[in-house]
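In what follows, a structure is listed as structure tokens, so that the remarks can point back to it.
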DNA sequence: GCGACAG
DNA sequence: ATCTTGTCGC
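Numbering (my numbering), first residue to last: 1 to 216.
Okay, here's the thing in structure tokens:
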């Protein structure tokens, strides 16, 4: 029990340390129309991670990769990387991702500015964007058009974005090597029916794989 | 101390 | 996240 709080304290310190390395500028700038997305599905202690790379112009999936691993780490708000990090690192570490990577979770929209998307970006040196379906923290400011800034004291940590076809907003934040405005732009451009298509596809493929795994 | 809390 | 049927709507 004491070991758990010690682990949390260590993770917290590591988050603070790594967050200093987050780059909030477009490196490289977003020019191609290739966007990727990753998601993880679970059945008991089995986790299936899926990557989808798609071309926004043609709406075609140009690459799909999956990884199945054993995962017993608990989900603890603020420490999502503890649970999804291992699967995603195994899935992505040897791949070349030809465009920004959308991650189901937050980037800098996090108590210590290092949500899953940022942590993954730093660890694998990837350009990432955080997209969450519910608000982890921060105060949503007045809506202007289809967006609203999310503040934590004086820091703008993300943007609430109302996408066409979805009632509630998604919460976009900088993962790594990207600016908040470009992150929002990418999410808008890759969305269909109120949700980013690369994430929707990654989610459904991971779920299908899990179904097959259960059936066999 | 109480409540909130990405998936 | 996951457990889960029908049902309303385009």
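Here a beta-carbon is modelled for each residue, glycine too, at the ideal position from N, C-alpha and C.
If we count the other Cβ atoms within 10 Å of its Cβ and call it buried at 16 or more, is residue 100 buried or exposed? buried
Could you check where the alpha helix (DSSP H) with residue 171 kicks off and where it finishes? Element bounds for residue 171: not the alpha helix (DSSP H) but the beta strand (DSSP E), 170-176.
Could you tell me the boundaries of the beta strand (DSSP E) in which residue 65 lies? 60-70
Closest residue to residue 144 among 64, 137, 76 and 160 (Cα-Cα distance): 160
For residue 199, collect the residues of the same chain with a Cβ closer than 7 Å to its Cβ; drop the 5 residues on either side in sequence, then sort them by chain order. 37, 39, 102, 104 and 131
Cα-Cα separation between residue 136 and residue 59, rounded to whole angstroms: 31 Å
Based on the DSSP output, what are the partners of residue 128 in its beta bridges? 101 and 176
Residue 56 versus residue 6 - alpha carbon distance: 45 Å
Please report the straight-line C-alpha distance between residue 192 and residue 89, rounded to a whole angstrom. 27 Å
Residue 209 in three-state terms, based on DSSP: helix
Go to residue 150, then tell me how far its beta strand (DSSP E) extends in each direction, as first and last residue. 147-152
Would you tell me roughly how many angstroms separate the C-alpha atoms of residue 146 and residue 3, rounded to the nearest one? 45 Å
How should residue 43 be labelled, buried or exposed, when 16 other C-beta atoms within 10 angstroms of its C-beta is the threshold for buried? exposed
Could you tell me which residues DSSP puts in a beta bridge with residue 53? 36 and 63
For residue 156, I'd like the list of residues in its chain whose CB is within less than 6 Å of its CB, leaving aside the five on either flank, ordered along the chain. 149
Secondary structure of residue 115, DSSP reduced to three states: coil
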